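First the structure, in the form of structure tokens, and then the observations on it.
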Amino acid sequence: MLFVSVQYLGKIEAILFDLDGTLVDSLPDLHFGIEQVLRKWHLASMSEEEVGRYIGKGVVNLAQRVLQARLPEAGEEEIQKFTRDYVNALSVSGNTHTRLMPTVKESLAALRADGIPLALVTNKAGALIGDVLKKTELEEFFPENLRISPDGGLSPKPAPDMLLLASRRLGVAAGQCAMFGDSRNDALAARAAGMQSVLVRTGYNEGVPIDRWASENGFSAIFDNIGEALKQMRR
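Residue numbering for the sequence shown follows our numbering, starting at 434 and increasing by one per position.
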């Protein structure tokens, strides 16, 4: 049985992890994919910092926000086509620039050694998850049935749907799960699911400093990275 000793977290028995910005730094590849499609569409380039402000609510939302900035008259058909082109660009690129965040692999290995059930809950397109996990050597920690994405009609975070599905598949009550993430979407999804929220400063949060957002919205469990968060955990 695992519990968190700091005052703002209660006992937890399973941990759900976000992917982009939490386990891996994928922004360079996400930016590369957007740039590929912008060039294909003959649209103006976009900085990595701007792309980072649009990450968090899934690939369709990312495509929509990019097009709002570069092609405001775009309709639903253009958004869907941009989304397909973007996913294809990322699939072809092979996640060349995606890297593990600090302390991730050793932290996951320690949790597995302690027998803590783990799941991945991400707004990333399901078709891209396997390649990222393979590239960063995280496949062993997350079996395919515990890689939860919006594919199949699930609502993306901040909706709680994917988190609740993960808790059911893990066989652990939602109230005994913690959601580790880097953004408002992770925190709000955890709150809606009745789970504990743990935030790390390694990600993007749509361009808003996570500490400021968390303070304004009642979230207090914030750490530099996953390893620092897990230091607070004791049997």
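No residue lacks a Cβ here, since even glycine has one placed at the ideal position from N, Cα and C. Here the structure is a predicted model, which means the values were calculated and not measured.
Starting from the C-beta of Gly627, find all residues in its chain whose C-beta is less than 6 Å away, skip the five residues before and the five after it, and write them out in chain order. Closer than 6 Å at Cβ, skipping near neighbours: Ala607, Gly608.
Bridge partners - Leu553, DSSP secondary structure assignment: Bridge partners of Leu553: Phe450, Arg580.
Which residues does DSSP pair with Val565 in a beta bridge? Looking at the DSSP output, Val565 shares a beta bridge with no other residue.
Assigned exposure category for Gln497 - 16 Cβ within 10 Å defines buried: Here Gln497 is buried, its C-beta having at least 16 other C-beta atoms within 10 Å.
Let me make sure I understand the geometry here. Which of Ser630, Gly454, Asp657 has the alpha-carbon closest to that of Thr555? Put simply, of Ser630, Gly454, Asp657 the residue whose alpha carbon is nearest the alpha carbon of Thr555 is Gly454.
Check Asp644 in the structure and name its three-state DSSP category. In the structure shown, Asp644 sits in a helix (DSSP, three-state: H, G or I).
Continuous alpha helix (DSSP H) stretch holding Gln432: start and end: The chain is shown only over 434 to 668; residue 432 falls outside these bounds and no answer can be derived.
Ala662 versus Ile655: straight-line alpha-carbon distance, rounded: In this structure, the straight-line span from the alpha carbon of Ala662 to that of Ile655 is close to 8 Å.
Quick check: Gly636 and Asp615, are their CB atoms within less than 9 Å of each other? Yes; because the gap between Cβ atoms is below 9 Å, this pair is in contact.
Does the beta-carbon distance from Gly489 to Pro583 come in below 9 Å? In this structure, Gly489 sits away from Pro583, with a CB-CB distance that is not shorter than 9 Å.
Asp451 to Val499, Cα distance in whole Å? When rounded, the distance between both Cα atoms is 22 Å.
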